[in-house]
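Peer 1: Mind having a look at this structure? Questions to follow.
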């Protein structure tokens, strides 16, 4: 897509989901142990380095600036104390080689974190870095249990051991007065390392591993902590309201 065409598309998407001003809520500042309920082996560091050759930390200096999932990189998923609906989300994360994690918006809709550095665009799937993860139906035959999901439009992953960014505009599902869902959740836009990788992606229901039970209008963030080392030096959820 030409740069001008992309700009026009983004502008039209933001106009379609225009922001409505409301009384401001304090943002959720989640790169801190105090922001979560049970934390398992998650800890804080001042400096951390991920190996570029192995699925492990190269070095960790304890402190208060960076949230990471412990020395082994295999602990519990954590759930934020605060909840969100429509939101603007900024993330700075780092993983070592071959590592894997994910951020579940509203506990249900996963944006994948994976070391996909160097993988060709035509080989990228719903399991790669930047993907909106697939949904899952255990009752389906083998080979077809996973469905939907959206790979990133391009592979914007940087090398393992480097800090990466996500910027996300997320619109929560809508419900009528009786609690019936009237509109699905949407990732209005996702940028990975400054590159737009998703534009107006509808999510018909929770992705695999998301919270069980019916969808809701507001819920906590969940971060995956059991698939490999991951660190966050920024994770801010700003409440907003999209029409």
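Residue numbers (my numbering): 1 to 243. Even glycine gets a Cβ: it sits at the ideal position worked out from N, Cα and C.
(1) Please report the distance separating the alpha-carbon of residue 68 from that of residue 231.
(2) Using the C-alpha atoms, what's the distance from residue 152 back to residue 126?
(3) Mind checking whether residue 41 and residue 63 have CB atoms under 9 Å apart?
(4) What does the alpha-carbon distance come out to for the pair residue 82 and residue 227?
(5) To the nearest angstrom, how far is the alpha carbon of residue 72 from that of residue 229?
(6) Can the beta-carbon of residue 190 be found less than 9 Å from the beta-carbon of residue 167?
(7) Which of the three DSSP states, helix, strand or coil, is assigned to residue 177?
(8) Should the stretch 170 to 177 be called in touch with the stretch 95 to 102, which here means at least 3 C-beta pairs below 8 Å?
(9) Going by beta carbon distance, what residues of the same chain come within less than 8 Å of residue 184, once the five residues before and after it are set aside?
(10) Along the chain, where does the beta strand (DSSP E) that runs through residue 79 open and close?
(11) So the candidates are 51, 57, 76, 26; which of them puts its Cα closest to the Cα of residue 36?
(12) According to DSSP, simplified to helix, strand and coil, what is residue 128?
(13) List the whole-angstrom C-beta distance separating residue 133 from residue 207, where the pair is believed to meet the contact cut-off of C-beta under 8 Å.
(14) Taking 9 Å as the threshold (C-beta atoms), are residue 236 and residue 27 in contact?
(15) Quick one: give me the first and last residue of the beta strand (DSSP E) that residue 66 is part of.
(16) Assuming contact is defined by CB atoms lying nearer than 9 Å, are residue 117 and residue 209 in contact in what I supplied?
(17) Is the distance from the Cβ of residue 150 to the Cβ of residue 198 below 9 Å?
(18) Using the C-alpha atoms, what's the distance from residue 112 back to residue 155?
(19) Please classify residue 122: does DSSP put it in a helix, a strand, or coil?
(20) Taking the straight line between their C-alpha atoms, what separation do you get for residue 137 and residue 87?
(21) How is the beta strand (DSSP E) around residue 94 delimited, first residue to last?
Peer 2: Answer, in terms of the structure:
(1) Between the C-alpha atoms of residue 68 and residue 231 there is a straight-line separation of about 4 Å.
(2) Approximately 8 Å, taken between the alpha carbons.
(3) Taking 9 Å as the Cβ cut-off, residue 41 and residue 63 do not qualify as a contacting pair.
(4) The straight-line gap from Cα to Cα measures roughly 24 Å.
(5) Distance between the alpha carbons of residue 72 and residue 229: 7 Å.
(6) With contacts defined as CB atoms closer than 9 Å, residue 190 and residue 167 qualify as a contacting pair.
(7) In this structure, residue 177 counts as coil in the three-state DSSP scheme.
(8) The stretch 170 to 177 vs the stretch 95 to 102: no contact.
(9) 173, 202, 203, 204, 205.
(10) Start and end: 78 to 84.
(11) Residue nearest to residue 36 within the set 51, 57, 76, 26 is 76 (criterion: CA-CA distance).
(12) Reduced to three states, the DSSP call for residue 128 is coil.
(13) Going by Cβ atoms, the distance from residue 133 to residue 207 rounds to 4 Å, so yes, they are a contact pair.
(14) Residue 236 sits close to residue 27, with the two beta carbons spaced by under 9 Å.
(15) Residue 66 -> beta strand (DSSP E) spans 57 to 68.
(16) Taking 9 Å as the Cβ cut-off, residue 117 and residue 209 do not qualify as a contacting pair.
(17) In this structure, residue 150 lies near residue 198, with their beta-carbon atoms less than 9 Å apart.
(18) Near 12 Å, if we compare the C-alpha coordinates of residue 112 and residue 155.
(19) For residue 122, the three-state secondary structure derived from DSSP is helix.
(20) Going from the Cα of residue 137 to the Cα of residue 87 covers about 28 Å.
(21) Unbroken beta strand (DSSP E) run through residue 94: 87 to 94.
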